[in-house]
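As given, the protein sequences belong to chains A and B, one line each in that order. Note that UniProt numbering has the first sequence beginning at 1, numbered continuously upward. Note that UniProt numbering has the second sequence beginning at 1, numbered continuously upward. Beta carbons: idealized from backbone N, C-alpha and C, even for Gly.
2 protein chains.
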Amino acid sequence: MPSDKIPGMYRPRLLTPGPVELHPRALEALARPQLHHRSDAARQVFLQAKTGLEAAFKTQGQVLLLTGSGTAAMDALVQNLFAPGARVLVPVHGNFSERWAKIAQQAGLEVVRLELEWGRVVRPEHLESAQGPFDGLLLTHSESSTGALNDVRTLAQAFKARFPEGLVVVDAITSLFVSEFELEGWGLDAAACGSQKGIMCPPGLGYAALSPRAIEHLKPRGFYLNLASELKVQSTGESAWTPAINLVAATAAVLAELLPRLPEHIALKQQQNEILYATGQELGLKPVPEVKSPATTCFYLPEGVSYAQVKEAFAARGATIIGGQGQLKGRVFRLSLMGYSDLYDAYAVAHMMREALRFD
Amino acid sequence: MPSDKIPGMYRPRLLTPGPVELHPRALEALARPQLHHRSDAARQVFLQAKTGLEAAFKTQGQVLLLTGSGTAAMDALVQNLFAPGARVLVPVHGNFSERWAKIAQQAGLEVVRLELEWGRVVRPEHLESAQGPFDGLLLTHSESSTGALNDVRTLAQAFKARFPEGLVVVDAITSLFVSEFELEGWGLDAAACGSQKGIMCPPGLGYAALSPRAIEHLKPRGFYLNLASELKVQSTGESAWTPAINLVAATAAVLAELLPRLPEHIALKQQQNEILYATGQELGLKPVPEVKSPATTCFYLPEGVSYAQVKEAFAARGATIIGGQGQLKGRVFRLSLMGYSDLYDAYAVAHMMREALRFD
Numbered sequence: 001m002p003s004d005k006i007p008g009m010y011r012p013r014l015l016t017p018g019p020v021e022l023h024p025r026a027l028e029a030l031a032r033p034q035l036h037h038r039s040d041a042a043r044q045v046f047l048q049a050k051t052g053l054e055a056a057f058k059t060q061g062q063v064l065l066l067t068g069s070g071t072a073a074m075d076a077l078v079q080n081l082f083a084p085g086a087r088v089l090v091p092v093h094g095n096f097s098e099r100w101a102k103i104a105q106q107a108g109l110e111v112v113r114l115e116l117e118w119g120r121v122v123r124p125e126h127l128e129s130a131q132g133p134f135d136g137l138l139l140t141h142s143e144s145s146t147g148a149l150n151d152v153r154t155l156a157q158a159f160k161a162r163f164p165e166g167l168v169v170v171d172a173i174t175s176l177f178v179s180e181f182e183l184e185g186w187g188l189d190a191a192a193c194g195s196q197k198g199i200m201c202p203p204g205l206g207y208a209a210l211s212p213r214a215i216e217h218l219k220p221r222g223f224y225l226n227l228a229s230e231l232k233v234q235s236t237g238e239s240a241w242t243p244a245i246n247l248v249a250a251t252a253a254v255l256a257e258l259l260p261r262l263p264e265h266i267a268l269k270q271q272q273n274e275i276l277y278a279t280g281q282e283l284g285l286k287p288v289p290e291v292k293s294p295a296t297t298c299f300y301l302p303e304g305v306s307y308a309q310v311k312e313a314f315a316a317r318g319a320t321i322i323g324g325q326g327q328l329k330g331r332v333f334r335l336s337l338m339g340y341s342d343l344y345d346a347y348a349v350a351h352m353m354r355e356a357l358r359f360d
Numbered sequence: 001m002p003s004d005k006i007p008g009m010y011r012p013r014l015l016t017p018g019p020v021e022l023h024p025r026a027l028e029a030l031a032r033p034q035l036h037h038r039s040d041a042a043r044q045v046f047l048q049a050k051t052g053l054e055a056a057f058k059t060q061g062q063v064l065l066l067t068g069s070g071t072a073a074m075d076a077l078v079q080n081l082f083a084p085g086a087r088v089l090v091p092v093h094g095n096f097s098e099r100w101a102k103i104a105q106q107a108g109l110e111v112v113r114l115e116l117e118w119g120r121v122v123r124p125e126h127l128e129s130a131q132g133p134f135d136g137l138l139l140t141h142s143e144s145s146t147g148a149l150n151d152v153r154t155l156a157q158a159f160k161a162r163f164p165e166g167l168v169v170v171d172a173i174t175s176l177f178v179s180e181f182e183l184e185g186w187g188l189d190a191a192a193c194g195s196q197k198g199i200m201c202p203p204g205l206g207y208a209a210l211s212p213r214a215i216e217h218l219k220p221r222g223f224y225l226n227l228a229s230e231l232k233v234q235s236t237g238e239s240a241w242t243p244a245i246n247l248v249a250a251t252a253a254v255l256a257e258l259l260p261r262l263p264e265h266i267a268l269k270q271q272q273n274e275i276l277y278a279t280g281q282e283l284g285l286k287p288v289p290e291v292k293s294p295a296t297t298c299f300y301l302p303e304g305v306s307y308a309q310v311k312e313a314f315a316a317r318g319a320t321i322i323g324g325q326g327q328l329k330g331r332v333f334r335l336s337l338m339g340y341s342d343l344y345d346a347y348a349v350a351h352m353m354r355e356a357l358r359f360d
């Protein structure tokens, strides 16, 4: 094979765990003329997106579409499901589980932190070590700062065996559409997601899923992020405040293509991630996560190599990658194929890894 | 001129006061591949949008870009500028000034409502009738539910003559880019806007403008809408949470074209609105507002004609219009050319009005 590269002739590749390469149906939806959000056409598209998301979260409750980031959905869930003073257990083992703790703190909750090494997953025995009672458990399904995937189903079971009245709220931001997920079926009460992750749309929408039980337990707070205001109107395709309706249309358009093939899509994401990890192993790279999330790979940097060097090596080949956050800053690099991509894209990135990580 | 219309051969026209017809530069920006928000390219585009918005608001302070609607920006300003228990004066004369009152109420402020007839504007003598002291005044520049434009400069002066320590916070959601506006120059401390109005982008971004004085008075609250978190990072082109970066790019792209011709653009919006009001007068329609905002026309329905009939008459010609809100529901209809349009579009709509409002 010819090995001389033609300088600069690479197409851009976004290999970050959100935002991600856009689904073509999302781009098409965004190219349409502006819809008015209080029109029949908009209500129809809103309900398509909402119903599709409810199918994806596997809930008989409701998914509320919030104009904001995934963090807005997390903030809204904490504020509207727990009154100030409520006592919640928050395992902290990465940047996003840390975010749950900070949100709960700001909302005036009593936060019991369960500190774990970053990269590890939460196990039922960790939960059992925490001194109750608790009104809730805040979990991160895919902790994309470390690449770890928690078994939220088993954790919810363990928690509810001790605190059957408690609510289990899950950050599914990088797991939905990428990994299996079930809301009520797994004993979860509420979950958050965002538009720029597994659903391959631009950032700007947060999805807040509420099980029927969570809806019963609502303790609405705030104005813009008040979930009671949204619940009142969203089942008719309306929203309390002007929604990012173009992104809602993008969500609906991608769902129409993605939902009928969701199991195959999830299998693909798993396979792509395995290819990247296998390539890393071949290159002698050490993976960070104890249990691997298909949303992102996370490797320790090779001995004596800085993140700037790795980033530059990928950038020279057209690719945007991402480094570590918090305590992993400068110690790891991450790659994701959560965006629009197929198996051959994984092979392309594997090839790029072999080139980019050869620093001799 | 041939008067037989060919049925169904109308192009869609969005004549609502937000969302509006998109600027072609916005559509182009949205068609681009996904940017990662933590990249140099994204930081550059973010700073272009931020700096451009600061020029539009005419502030030496900062404009913060929030992923959310204009209501998110209003909520953020109230929560971050006033501590619970602060006493604010809120003139209420339409749906959006009513929203200020509700937001302030939810945020735990002591709200003194100044009730005026809908359609009227606030005058300095109204403010003087209110029993102080006040920590703030919440004003609506263009009250688009009635089509009225307040002279916020004079009102700020009158308020500050009595309460020099107070903060004047303005809803500029349908006035920025449509009508003259100055933040510090007019004695205002903070203002809110949204992406789907005068700037002709899709909905999904709220802009919160803070004067240097407002920045000094910040009393940060909340998590997602905490303005201190945003202030800390936005001057470097970052944002606390994943921003709707595609909409930020659309904002920057439109600003690049709009800012150098802003006075001419504002003059055009004024002229378009005058054409629509003149046509209404010719048709015997009674305008609602005491002082007319260029953002939207608002007419009482002709005697014996329902809003559904008017809406249908415009819809049959391809146009989406909007009715009344709150106490004006079923009593008025509204038309706006705030979106991408020129003088000839105003003549086109005038022609459509003459046809659509002939119910004989």
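Listed along the chain, the chain B residues whose CB falls inside 8 Å of the CB of A/K102 are F223.
In the assembly as shown, B/P164 is an exposed residue. Its beta-carbon has fewer than 16 other beta-carbons within 10 Å. Residue range R87 to V92 is occupied by the beta strand (DSSP E) that includes B/V90. With its beta carbon less than 7 Å from one in chain B, A/H36 belongs to the interface. Selection B/G198, B/R113 and B/D135 evaluated against B/S144 yields B/G198 as nearest (Cα-Cα). Approximately 6 Å separates the beta-carbon atoms of A/G318 and A/R13; this is inside 8 Å, confirming the contact.
No Cβ of chain B is located within less than 7 Å of the beta carbon of A/D342.
Look at the region 246 to 257 of chain A: the residues with a C-beta under 9 Å from a C-beta of chain B are N246 and L247. Within the model, the alpha-carbon separation for B/G280 versus B/V254 is close to 31 Å. Secondary structure note for A/T140: its beta strand (DSSP E) is the uninterrupted segment G136 to T140.
Burial is judged here by how many other beta carbons sit within 10 angstroms of a residue's own beta carbon; B/D75 has at least 16 and is buried. The region 87 to 101 of chain B makes no contact with the region 206 to 222 of chain B, as fewer than three CB pairs between them are under 8 Å. Using a 10 angstroms sphere on the CB of A/G237, the tally of other CB atoms reaches 16 or more, which defines it as buried. Per the DSSP secondary-structure output, B/F299 pairs in a beta bridge with B/P287 and B/F333. Taking 7 Å as the cut-off, the Cβ atoms of B/G284 and B/Y307 do not count as close.
Within its own chain, the residues whose Cβ lies closer than 8 Å to the Cβ of B/A41, once the five positions on either side in sequence are excluded, are L35, listed in chain order.
Of all residues in the region 229 to 241 of chain A, those with a C-beta nearer than 7 Å to a C-beta of chain B are W241, reading in chain order.
The residue from B/W118, B/G166, B/A156 and B/H141 with its alpha-carbon nearest to that of B/D135 is B/G166. Under the Cβ criterion of 7 Å, B/G204 is counted among the residues facing chain A.
Taking a cut-off of 8 Å for Cβ pairs, the region 42 to 53 of chain A and the region 238 to 252 of chain A touch, as three or more such pairs fall below it. The beta carbon of B/S69 sits closer than 7 Å to some beta carbon of chain A. Per DSSP, the unbroken beta strand (DSSP E) holding B/G206 starts and ends at L205 to L210. Fewer than three beta-carbon pairs drawn from the region 263 to 273 of chain B and the region 48 to 58 of chain B are found closer than 8 Å, and the two stretches are therefore not classed as touching. Between the alpha carbons of B/E54 and B/L65 lies a distance of about 11 Å. The straight-line gap separating the alpha-carbon atoms of B/V169 and B/L139 is approximately 6 Å. No Cβ of chain A is located within less than 7 Å of the beta carbon of B/P84. Following the DSSP letters along the chain, one finds A/Q62 inside the beta strand (DSSP E) bounded by residues Q62 to T67. DSSP assignment within the region 187 to 253 of chain B yields the following whole alpha helix (DSSP H) runs of 4 residues or more, N-terminal first: 212 to 216 and 227 to 234. The three-state reading of DSSP puts A/I322 in strand, counting E and B together. DSSP, read as helix, strand or coil, puts A/R43 in helix. The beta carbon of B/T16 falls within 7 Å of a beta carbon belonging to chain A, placing the residue at that interface. Interface flag for A/P24 against chain B is unset, since no Cβ pair is found closer than 7 Å.
For the region 29 to 59 of chain A, the set of residues with a beta-carbon nearer than 8 Å to any beta-carbon of chain B comprises L30, A31, P33, Q34, L35, H36, H37, R38 and S39, in chain order.
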